[in-house]
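*Asks:* Take the sequence shown: its position 227, counted from the start at 1, is 227 in this note's numbering, and no numbers get skipped.
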Amino acid sequence: MADRLEEYRRRRDAARTPEPVPPRPPRRRAGAAAARFVIQQHHARSLHWDLRLERDGVLASWAVPRGLPRDSGRNHLAVHTEDHPMEYLDFHGEIPAGEYGGGTMTIHDRGTYRCEKWRDDEVIVILDGERTSGRYVLFATGGRDGRDWMVRRTDPAPPGWTPMPDLVRPMHPTRAARLPRDADAWGYELRWDGVRAMAYVSGGRLRLLSETDEEVSGAYPWLRGMAEALAPTEAVLDGVLVRIDTRGRVRPARSGRAAPDAQFLVFDLLWLEGVASLDVPYAQRRELLDGLAPAGTHWQTPPWFPGAGAEALDTARAQGLPGVVAKRLDSVYEPGRRSRRWLSIS
């Protein structure tokens with residue numbers, strides 16, 4: 001019988017990597033126990049997820065750049081890689097730079113699965129994991145010596161799941177001469193002089209749209225790390241691209257390579273993990289956003305001030321900002337509209 005781990009061992013040096021490198025060919029597991037699977041999140045040269053299914057004493061493996069699709073409306077690329085040893089069911093750690101697959105590997109999910117079909121060009125399984133469940137089909141698409149596959153979910157998404165929207169236009173405030181009189185009914189944010197942008201985060205990838213619905217992801221490559229940092233979380237975020245210099249002065253962020261002071265300031269959350277929040281009151285959306293807490297080298301969630309309009313306006317003036325945006329605590333998000341439930345005050 002052919003050694004199914006020959007290719008795996010050929011690519012790895014047991015003296016240089018913490019990965020399990022069994023010296024002998026694998027043996028099939030005795031008994032009728034349920035077949036196991038693991039999904040590992042792999043921060044290698046590019047972020048991806050590795051799906052591994054127990055089969056004939058090894059783990060049949062696919063690298064999935066965007067992770068398994070959570071609804072049945074999309075196919076994701078799945079690259080068929082070499083079989084891995086069973087010890088990989090529990091492997092996590094740092095593969096040294098320069099080694100094959102170098103980077104950080106963590107266990108995203110694991111569990112058991114039931115196989116409905118297993119052919120050389122098509123595999124149908126029902127996964128039952130801690131975070132992942134559902135019926136998936138993996139199918140070969142040809143090319144690259146049979147490595148190119150796709151994966152698709154074929155059963156309904158979990159109850160209440162809604163697909164990520166393709167487009168949510170930004171909501172805008174109405175100009176006002178003074179702070180609202182019923183201050184306790186409003187939340188207040190500092191107003192930033194920047195480039196408004198909507199961020200669509202899925203599978204560790206970023207799609208960034210301008211106010212005019214233009215795809216501008218390539219113009220701000222320094223923001224791609226936010227999607228990797230949030231992975232595997234999927235979300236739609238509203239924010240503004242700015243530069244904050246050492247004197248605290250704020251300017252619109254330039255496109256191209258990141259300056260040390262470039263920031264994406266996130267102030268609203270419109271869709272999260274299959275649940276739209278457009279109709280959720282502003283105060284609750286801010287709570288959800290604060291719970292997600294996107295923060296990194298070039299992105300952060302600025303504070304908001306419930307019921308404290310005068311203090312927020314004083315802070316804005318002290319920092320040389322244009323003013324504040326007052327948002328009613330019970331206001332829903334109205335895409336593409338200029339609403340009096342949001343007020344811009346200088």
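Ideal Cβ positions, reconstructed from N, Cα and C, are used throughout, including at glycine.
Nothing here was measured: the structure is a model prediction, and the numbers come from that model.
On a Cα-Cα basis, can you pick out the residue from GLY143, ASP128, ILE107, ILE95 that is closest to ALA15?
*Replies:* It is ILE95.
*Asks:* With H, G and I counted as helix, E and B as strand and the rest as coil, what does DSSP make of SER344?
*Replies:* Here SER344 sits in strand by DSSP.
*Asks:* Does DSSP classify GLN41 as helix, strand or coil?
*Replies:* GLN41: strand per DSSP, three-state reduction.
*Asks:* Can you tell me which residues form a DSSP beta bridge with PHE139?
*Replies:* Answer is GLU122, MET150.
*Asks:* The alpha helix (DSSP H) spanning ASP314 covers which residue range?
*Replies:* Where ASP314 is concerned, the enclosing alpha helix (DSSP H) stretches over 309-318.
*Asks:* To the nearest angstrom, how far is the alpha carbon of GLU311 from that of ARG285?
*Replies:* Cα to Cα, the separation comes out at about 22 Å.
*Asks:* Could you give the first and the last residue of the continuous alpha helix (DSSP H) run that contains GLU350?
*Replies:* An answer regarding residue 350 cannot be provided, because it is not within the stretch 1 to 346 covered by the chain.
*Asks:* Can you tell me which of the three DSSP states LEU237 falls into?
*Replies:* Looking at LEU237 - three-state DSSP - the assignment turns out to be strand.
*Asks:* Figure out for me which residue from LEU288, ASP238, ARG254, GLU189 has the closest Cα to the Cα of GLY323.
*Replies:* Among LEU288, ASP238, ARG254, GLU189, the Cα nearest to that of GLY323 is on GLU189.
*Asks:* Tell me the DSSP secondary structure of MET198 in three-state form.
*Replies:* Three-state result, MET198: strand.
*Asks:* Could you compute how far the alpha carbon of THR354 sits from the alpha carbon of VAL64?
*Replies:* This structure does not reach residue 354, given that the chain is present from 1 up to 346, and the question cannot be answered.
*Asks:* What three-state label does DSSP hand ASP83 in the structure shown?
*Replies:* Three-state DSSP puts ASP83 in a strand.
*Asks:* Roughly how far, in whole angstroms, is the beta-carbon of GLY128 from the beta-carbon of ALA140, given that I think they are within contact range, below 8 Å?
*Replies:* According to the sequence as given, residue 128 is Asp; it is not Gly. ASP128 to ALA140, Cβ: 25 Å. No contact.
*Asks:* Within 10 Å of its beta-carbon, does ALA33 have 16 or more other beta-carbons around it, so buried, or fewer, so exposed?
*Replies:* Looking at its Cβ environment, which holds fewer than 16 other Cβ atoms inside 10 Å, ALA33 is exposed.
*Asks:* Whose C-alpha, out of ALA259, SER255, ASP261, LEU288, is nearest the C-alpha of LEU269?
*Replies:* Checked all of ALA259, SER255, ASP261, LEU288; the closest Cα to LEU269 is LEU288.
*Asks:* Measuring alpha carbon to alpha carbon, tell me which of THR106, PRO158, ALA78 ends up nearest ASP148.
*Replies:* Selected option, being the one with the closest Cα: ALA78.
*Asks:* Run through DSSP, which three-state label would TRP161 get?
*Replies:* Correct three-state label for TRP161: coil.
*Asks:* So LEU223 and PHE264 are in contact, right, with Cβ under 8 Å, and what is the actual spacing, rounded?
*Replies:* Sure, about 5 Å apart at Cβ, within 8 Å.
*Asks:* If you compare alpha carbons, which of GLU215, LEU209, ASP182 is closest to PRO306?
*Replies:* It is ASP182.
*Asks:* What residue does the alpha helix (DSSP H) around TYR188 start on, and which one ends it?
*Replies:* No alpha helix (DSSP H) holds TYR188; the beta strand (DSSP E) holding it covers 186-191.
*Asks:* Judging by CA-CA distance, which residue of VAL332, PHE37, HIS84, SER46 is the nearest neighbour of GLU7?
*Replies:* The residue with the shortest Cα to Cα distance from GLU7 is HIS84.
*Asks:* Let me see if you follow: with CB-CB separation under 8 Å, is PRO173 close to chain B or not?
*Replies:* In the structure shown, chain B does not exist; there is a single protein chain.
*Asks:* In angstroms, rounded to a whole number, what distance separates the CA positions of TRP186 and PRO180?
*Replies:* Their backbone Cα atoms lie some 8 Å apart in a straight line.
*Asks:* Take ALA177 and list the residues in its own chain whose beta-carbon comes closer than 8 Å to its own, dropping the five residues that flank it on each side.
*Replies:* So the list reads ILE345, once near-sequence residues are dropped.
*Asks:* Name the residue from GLY204, HIS298, ALA229, VAL280 whose alpha carbon lies nearest to the alpha carbon of ARG328.
*Replies:* Nearest C-alpha to ARG328: VAL280.
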